[in-house]
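Note that the protein sequences, when read in sequence, are chains A and B.
For the first sequence, the numbering used here assigns the number 3 to the initial residue and increments by one for each residue that follows.
For the second sequence, the numbering used here assigns the number 186 to the initial residue and increments by one for each residue that follows.
For each residue, glycine too, the CB sits at the ideal point set by N, CA and C.
In this text, all values refer to a predicted model and were calculated from it rather than measured experimentally.
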Amino acid sequence: MTLKSFRIGAWVAVAVLTLVLSGVMIYQSVYKGTERSVVAAAAKLGAPFNLIDHNGEPISEQAFANHPTALFFGFTHCPEVCPTSLYDLAMLMDDLGEDGAPLKAFFVTVDPERDTPELMKNYVTAFSPRITGITGDPKEIAKLIKAWRVFARRVPLDDGDYTMDHTASIYLVRPDGSFQGTIAYNEDPKIALQKLRRLATGKSS
Amino acid sequence: MKHIALIASLIIATLSGTAIAGETAVGDLKIADPYARATVPGAPVAGGYMTITNTGSQPDRLVAGSAPFAGRVEIHEMTMQGDVMRMREIAGGLEIPANGSVTLKPGGYHVMFMKLKEQLKEGENRTATLVFEKAGKVDLDFAVKKIGGRKHGGHGMKHGHGMKDK
Ligand SMILES: [Cu+2]
Chain A
3 MTLKSFRIGA
13 WVAVAVLTLV
23 LSGVMIYQSV
33 YKGTERSVVA
43 AAAKLGAPFN
53 LIDHNGEPIS
63 EQAFANHPTA
73 LFFGFTHCPE
83 VCPTSLYDLA
93 MLMDDLGEDG
103 APLKAFFVTV
113 DPERDTPELM
123 KNYVTAFSPR
133 ITGITGDPKE
143 IAKLIKAWRV
153 FARRVPLDDG
163 DYTMDHTASI
173 YLVRPDGSFQ
183 GTIAYNEDPK
193 IALQKLRRLA
203 TGKSS
Chain B
186 MKHIALIASL
196 IIATLSGTAI
206 AGETAVGDLK
216 IADPYARATV
226 PGAPVAGGYM
236 TITNTGSQPD
246 RLVAGSAPFA
256 GRVEIHEMTM
266 QGDVMRMREI
276 AGGLEIPANG
286 SVTLKPGGYH
296 VMFMKLKEQL
306 KEGENRTATL
316 VFEKAGKVDL
326 DFAVKKIGGR
336 KHGGHGMKHG
346 HGMKDK
């Protein structure tokens, strides 16, 4: 081995090492960046949409703006979780009394093919006149489901019918659009009321 | 004499049918407190619940059902996986173990009344037929109970939230 070829070898080694190190650094910064953006996204869910409310009127993301909002995703062919949650939500809003006045609540269908505005209206208003049903173009509904990180999947039944697996939590959204958290399906009613009061008043109890 | 025979046959019919209030016997099975959940107007489905006790030494299976007020009746299981609600038809029916019992209740196993033809209103009763593999067919009188929420401790009554009748 000549001195010259040794020098070239040394330089190649330095170059390779530099590339590897900078690669690691780039990877780390990108990775951290992703983490950061996930946190940011979690604090602000949602996206613009064009759907219709249970009166057949157009509704957009503006309906969730500038007031506290409770969102529940479900479907009318739901035997238990949806009626229970809507019933509870209606009672919790009554329990809040005056405190709950600024609060608006929405029931977004994850089954827009079957949930027509008429069906939604019958269903939702039977629980509370203060809850608004949202349905419409399945593609727009899909967008909304994704934007709120809701899980919803169609599951076929024997006779060609189907049911839906779906997230059963109530989403709480502050007037500025930031995400306060959820009320879980099995949440203690006292905690649920505290969470909703905090959302409605902007204060903790 | 005729009368006695008639009365006797009535008594026998009563005993073999819905003898004790709230409990129905069929074969080795005893079915207690069947009830259905009240629906809001236009709701397409409702759950039916009860406790089934098998006094026999052979397991049985709840395999099917029918009801005049529903287009279709299936046997389902609901589960929560994390915050996601899942519901499935129980393939092959729900087993009622020998000398054991199974409770169908909200949040778990249920008879699912689908394609409802009418609203189920609180305080009413609805008859539905269940079919067991061994015990055979049985007609049950389902009491329709209020929707209710989670365990609000009688909260619902105070509020009188109920449902709008149409
Ligand atoms: Cu079901």
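Could you check what DSSP says for residue 9 of chain A in three-state terms: helix, strand or coil? Assignment of residue 9 of chain A by DSSP, reduced to helix, strand and coil, places it in the helix class.
Selection of the segment 55-89 of chain A by Cβ proximity to chain B, strictly under 9 Å: Near chain B, meaning a CB-to-CB distance below 9 Å, the residues of the segment 55-89 of chain A are 76, 78, 79, 80, 81, 82, 83, 84, 85, 86, 87, 88 and 89.
Check whether the Cβ of residue 95 of chain A sits closer than 7 Å to any heavy atom of ligand 1, and report yes or no. False, no ligand heavy atom lies under 7 Å from that Cβ.
For a contact defined as C-beta to C-beta under 8 Å, what are the partners of residue 139 of chain B on chain A? The shown model of chain B, from 186 to 351, leaves out residue 139 of chain B, and the question about it has no answer.
Inter-residue Cα distance where the pair is residue 240 of chain B and residue 227 of chain B: Distance between the alpha carbons of residue 240 of chain B and residue 227 of chain B is about 40 Å.
With a CB to CB cut of under 7 Å and the five nearest residues on each side skipped, what residues in its chain are close to residue 303 of chain B? 254.
What would DSSP say about residue 152 of chain A, mapped onto helix, strand or coil? If DSSP states are grouped into helix, strand and coil, residue 152 of chain A belongs with coil.
On a CA-only basis, which of A/190, A/189, A/176 and A/59 is nearest residue 200 of chain A? Give me that one, please. Answer by Cα proximity: A/176.
Decide yes or no for the touch test of the segment 246-264 of chain B against the segment 295-302 of chain B: beta carbon pairs closer than 8 Å, at least 3 of them. A contact between stretches requires three or more CB pairs, one per stretch, nearer than 8 Å, and the segment 246-264 of chain B meets this requirement with the segment 295-302 of chain B.
Per DSSP, which residues does residue 294 of chain B bridge with? Please list them. Looking at the DSSP assignment, residue 294 of chain B forms a beta bridge with B/262.
Considering just the uninterrupted stretch of the beta strand (DSSP E) at residue 323 of chain B, what are its terminal residues? It spans 321-330 - the beta strand (DSSP E) in which residue 323 of chain B sits, taken as one unbroken run.
Residue 288 of chain B vs residue 209 of chain B beta-carbon contact at 8 Å: Cβ atoms of residue 288 of chain B and residue 209 of chain B: not closer than 8 Å.
Can you have a look at residue 155 of chain A and say buried or exposed, based on whether 16 or more other CB atoms are within 10 angstroms of its CB? Exposed, by the Cβ-count rule.
Of all the residues that make up the segment 155-180 of chain A, which are near chain B by a beta-carbon distance shorter than 8 Å? Close to chain B, meaning a Cβ-Cβ distance shorter than 8 Å, are the following residues of the segment 155-180 of chain A: 157, 159, 160, 161, 163, 165, 167, 168, 169, 170 and 171.
On the three-state DSSP scale, how would you describe residue 103 of chain A? Here DSSP, grouped into helix, strand and coil, assigns residue 103 of chain A to coil.
Would residue 127 of chain A and residue 108 of chain A be called neighbours here (beta carbons separated by less than 8 Å)? With contacts defined as CB atoms closer than 8 Å, residue 127 of chain A and residue 108 of chain A fail to qualify as a contacting pair.
Could one say the Cβ of residue 201 of chain A lies closer than 8 Å to chain B's Cβ atoms, at least one of them? By this cut-off, residue 201 of chain A is not an interface position.
Residue 233 of chain B and residue 327 of chain B: beta carbons closer than 8 Å? In this structure, residue 327 of chain B lies closer than 8 Å to residue 233 of chain B by Cβ.
Note the first and the last residue of the continuous beta strand (DSSP E) segment covering residue 316 of chain B. Residues 310-317.
Straight-line CA distance for residue 321 of chain B to residue 95 of chain A? If you take the alpha carbons of residue 321 of chain B and residue 95 of chain A, they lie about 47 Å apart.
Quick check on residue 324 of chain B - is its C-beta less than 8 Å from some C-beta in chain A? At a cut-off of 8 Å, the C-beta of residue 324 of chain B has no neighbouring C-beta in chain A.
Threshold first: 4 residues or longer. Then list the alpha helix (DSSP H) segments lying entirely within the segment 101-135 of chain A, N to C. For the segment 101-135 of chain A, whole alpha helix (DSSP H) runs of length 4 or above, ordered along the chain, are 119-129.
Between which two residues does the beta strand (DSSP E) carrying residue 245 of chain B extend? Its beta strand (DSSP E) spans residues 245-251.
Can you tell me whether DSSP reads residue 304 of chain B as helix, strand or coil? Residue state, collapsed to three classes: coil.
Whole angstroms are fine: how far does the CA of residue 281 of chain B sit from the CA of residue 87 of chain A? Rounded to whole angstroms, residue 87 of chain A to residue 281 of chain B spans 30 Å at the Cα level.
Leaving out the 5 sequence neighbours to the left and right, which residues in its chain are closer than 8 Å to residue 112 of chain A when beta-carbon positions are compared? Contacts found: 75, 76, 77, 143, 147, 152, 154, 166 and 168.
Please compile the residues from chain B whose C-beta is within a distance smaller than 7 Å of the C-beta of residue 121 of chain A. Taking the beta carbon of residue 121 of chain A as reference, the chain B residues within 7 Å of it are 227, listed in sequence order.
Measure the beta-carbon distance from residue 193 of chain A to residue 91 of chain A and round it to whole angstroms, keeping in mind my assumption that it falls under 8 Å. About 14 Å; that fails the 8 Å criterion.
How far does the alpha helix (DSSP H) with residue 236 of chain B in it extend, from its first residue to its last? No alpha helix (DSSP H) holds residue 236 of chain B; the beta strand (DSSP E) holding it covers 231-239.
Just reading off the alpha helix (DSSP H) that residue 87 of chain A is part of, what are its end residues? First-last of the alpha helix (DSSP H) with residue 87 of chain A: 83-98.
Applying a beta-carbon distance threshold of less than 9 Å, which residues of chain B neighbour residue 153 of chain A? By Cβ distance, chain B contributes 267, 268 and 269.
Give me the Cβ distance between residue 293 of chain B and residue 262 of chain B, rounded to the nearest whole Å; I'm assuming they're in contact under 8 Å. Correct: roughly 7 Å between the Cβ atoms.
In angstroms, rounded to a whole number, what distance separates the CA positions of residue 55 of chain A and residue 124 of chain A? Looking at the two C-alpha atoms, the distance is approximately 12 Å.
Whose C-beta lies closer than 7 Å to the C-beta of residue 159 of chain A among residues of the same chain, with five residues either side of it excluded? Once the five neighbours on either side are set aside, the close Cβ partners of residue 159 of chain A are 165.
Hey, does residue 186 of chain A have any beta-carbon neighbour from chain B nearer than 8 Å? Judged by the 8 Å Cβ criterion, residue 186 of chain A is in contact with chain B.
Within the 8 Å Cβ cut-off, does residue 272 of chain B reach chain A? Yes, residue 272 of chain B lies at the interface with chain A (some Cβ there is under 8 Å from its Cβ).
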